[in-house]
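Asks:
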Amino acid sequence: MAQTNEHMTSKHATLEISADDTWVYDDVATWTDISGSANSVEPGGGAHMTGSAHSLGEFHLPLIGIGKVEPAEVTVKVIYTENAAEATALLDAYAEAQTLVWLRHRPRGAVAGAWEWSGRGYITERAKASTDSESADILLVEFPWFGREWDLHGQATT
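Using the working numbering, read the sequence shown as starting at 45 and increasing by one per residue.
1) Count the other CB atoms within 10 Å of the CB of G109; is the residue buried (16 or more) or exposed (fewer)?
2) Along the chain, where does the beta strand (DSSP E) containing T58 start, and where does it finish?
3) Within the region 152-195, note down every full beta strand (DSSP E) run reaching 3 residues or more, in order along the chain.
4) Are E117 and G88 closer than 8 Å when you measure CB to CB?
5) Rounding to the nearest angstrom, what Cα-Cα distance links A97 and G90 in this structure?
6) Bridge partners for I123 per DSSP, in chain order?
7) Report yes if the CB atom of R57 is closer than 8 Å to the CB atom of P151, and no otherwise.
8) Am I right that Y138 and I167 are in contact with their C-beta atoms under 8 Å? What's the rounded C-beta distance?
9) Which value, in whole angstroms, describes the spacing of the CA atoms of V113 and A133?
10) If the criterion is Cβ atoms closer than 8 Å, does the pair N83 and K121 meet it?
11) How many angstroms separate the CA atom of F187 from the CA atom of L107?
12) Taking C-alpha atoms, which residue in W159, N49, M93 and E140 lies nearest to L59?
13) Under the assumption that G165 contacts G198 (Cβ atoms under 8 Å), give the Cβ distance between them as a whole number of angstroms.
14) Assign A82 to one of three DSSP states: helix, strand, or coil.
So, in structure tokens, the structure goes:
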């Protein structure tokens, strides 16, 4: 296989959130783009459960199985601000109200043909800003998201 020329960075990535009350991804009508104050998206979980057992006798290899899918977890880091229209306040309010929210992440950005991952779940913790008097770093806060799935939903149309 030849070396790829299709690599990318995160510079065009988008993150959107929706509180639309639907379990069907294609029915989500209202997305709020929080990319301008989002810093990173780190998905985890969502793997199939696995199991194994050995039987008695002369059989040395285990029996193996694959089962149901575990819940997904995504850590979203955002730039800490106290602006009610930006990600920190928005995600914090969803966490406080225990609102089911959709997240949609497009690493290549909001362009036709870009892959998009999404899922519906809860922001499980409110904002907790840490500060350090010896640092000039921009303040970030993490919001854990917990949902049923974090799925690739094909390619974006816009």
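Idealized CB from N, CA, C, for every residue including glycine. Just so it is clear, the structure is predicted and the values come from calculations on it, not from any experiment.
Replies: Inspection of the coordinates gives the following:
1) exposed
2) T58 to S62
3) 159-167 and 184-191
4) yes
5) 23 Å
6) L184
7) According to the sequence shown, residue 57 is Ala rather than Arg. Yes, the pair counts as a contact, with Cβ atoms nearer than the cut-off.
8) 5 Å
9) 32 Å
10) yes
11) 39 Å
12) W159
13) About 20 Å separates the two Cβ atoms, so there is no contact after all.
14) strand
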